[in-house]
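A.B. asks:
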Ligand SMILES: [Zn+2]
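Numbering (this note's numbering), first residue to last: 63 to 375.
#1: With residue 319 and residue 137 assumed to form a contact (beta carbons below 8 Å), what rounded beta-carbon distance in angstroms separates them?
#2: For residue 257, which of helix, strand or coil comes out of DSSP?
#3: How is the alpha helix (DSSP H) around residue 78 delimited, first residue to last?
#4: Determine the closest residue to residue 324 out of 290, 292 and 359, with distance taken between C-alpha atoms.
#5: Relative to the C-alpha of residue 68, which candidate in 250, 300, 171 and 242 has its C-alpha closest?
#6: Which full runs of the beta strand (DSSP E) of 3+ residues lie inside the region 107-151, going along the chain?
#7: Residue 93 lies in the beta strand (DSSP E); which residues open and close that run?
#8: If you draw a straight line from the C-alpha of residue 160 to the C-alpha of residue 367, how long is it?
#9: Let me have the residue list for ligand 2: C-beta closer than 6 Å to any non-hydrogen atom, ordered along the chain.
#10: May I ask you to verify whether the region 301-321 touches the region 330-341, counting CB pairs closer than 8 Å and requiring at least 3?
#11: Look up residue 65 in the DSSP assignment and say whether it is helix, strand or coil.
#12: By DSSP, does residue 172 sit in helix, in strand, or in coil?
#13: Rounded to whole angstroms, what is the Cα-Cα separation between residue 120 and residue 88?
#14: Looking at the structure shown, is residue 322 part of a helix, part of a strand, or coil, going by DSSP?
#15: What does the alpha-carbon distance come out to for the pair residue 71 and residue 96?
#16: Roughly how many angstroms lie between the CA atoms of residue 275 and residue 221, to the nearest whole one?
#17: Helix, strand or coil for residue 158 per DSSP?
#18: When you compare only the Cα positions, how much space is there between residue 371 and residue 263?
#19: Please go through the same chain and pick out, in chain order, the residues whose beta-carbon is closer than 7 Å to the beta-carbon of residue 288, but skip the five residues on each side of it.
#20: If you follow the beta strand (DSSP E) that residue 269 is part of, which residue opens it and which one closes it?
#21: Thinking C-alpha only, which one of 158, 332 and 173 is nearest residue 388?
#22: Grouping DSSP H, G and I as helix and E and B as strand, with all else coil, what is residue 339?
#23: What number of angstroms, rounded off, separates the C-alpha of residue 79 from the C-alpha of residue 86?
#24: In the DSSP output, which residue or residues are listed as bridge partners for residue 193?
#25: From residue 240 to residue 223, what does the alpha carbon distance come to, in whole angstroms?
#26: Assuming residue 178 contacts residue 362 under a Cβ cut-off of 8 Å, what Cβ separation, rounded to an integer in Å, is found between them?
#27: Under three-state DSSP, which class holds residue 316?
#28: Take the Cβ of residue 266 as the centre, count every other Cβ of all protein chains shown within 10 Å, and call the residue buried at 16 or more, exposed below.
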């Protein structure tokens, strides 16, 4: 028996077979298509699942469960996807339609929740019963694990750290509000801060290193320039670290998990990100004169999507 993990993304859908040791034994992928009806989208996924188990010398009878991680929200009870903007899904009966093609238990959850689960079972937070996973990329995703299970709230809308208001009336967010945390803590935010900073400082290494083209500034550009000692880059970097430290302090004030895990593209900065954040965050924690949760880097990387989806139960 194998478990199937499906990682639904805006450009591609990854499908993997996962064994009992939570290892991916075979992987496959299809392009995300939003130009076809919902039923057809699911048929493409189901066909890929069937082809993948066949390639492994198995049949769909050997499938134990099919877990699906989506960039949106879903009801674990009904199998309905409530909202998934990238796919154009709004209150769609995912499980019942998918079961027309493959009649096996289908479990659906948010992609950051699924990654949080994967890290808490087979990754850096393995062995803990409570953790908060924060993925830092274009936006901020987060997943809360309590008592070894995903906590997505009473109405499936919790764990959205990225849209906690950080600065009332602040920077406009893609969600329509202003001042959301992801406008200050994501890679997009870091790049925005860098562009603002270099507009008055053309001598900065940030802009020099991208041939004076602000559109080419990436998170790594800022980290590299800061590491090289560029004054403007260091200012941006310190401000960004401070924002992230405040975010982590807030998570601890609210939930006090055993561990906080950082993943996503920005986490590639490694100890250059982790060390100062770890030094800074205690000042934002109310009861900080005692041991506090460690902040660790995620270890499963992009595979967390498939592994975590396969772990859903
Ligand atoms: Zn927002």
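Don't be surprised by glycine CBs; every beta carbon is placed ideally from N, CA and C.
C.D. replies: According to the data block:
#1: The pair is not a contact, with the Cβ atoms about 25 Å apart (cut-off 8 Å).
#2: helix
#3: Here residue 78 belongs to no alpha helix (DSSP H); instead the beta strand (DSSP E) covers 74-80.
#4: 359
#5: 171
#6: 125-132 and 143-146
#7: 86-93
#8: 19 Å
#9: Summarising the ligand content, the structure contains ligand 1 and does not contain ligand 2.
#10: yes
#11: strand
#12: strand
#13: 12 Å
#14: strand
#15: 11 Å
#16: 36 Å
#17: helix
#18: 46 Å
#19: 295, 296 and 299
#20: Premise fails: residue 269 lies in the alpha helix (DSSP H), 267-270, not in any beta strand (DSSP E).
#21: Coverage of the chain is limited to positions 63 through 375, which leaves residue 388 absent and any answer about it impossible.
#22: In the three-state DSSP reduction, residue 339 falls in the helix class (H, G or I).
#23: 6 Å
#24: 207 and 321
#25: 14 Å
#26: Not confirmed; about 11 Å, so no contact.
#27: helix
#28: buried
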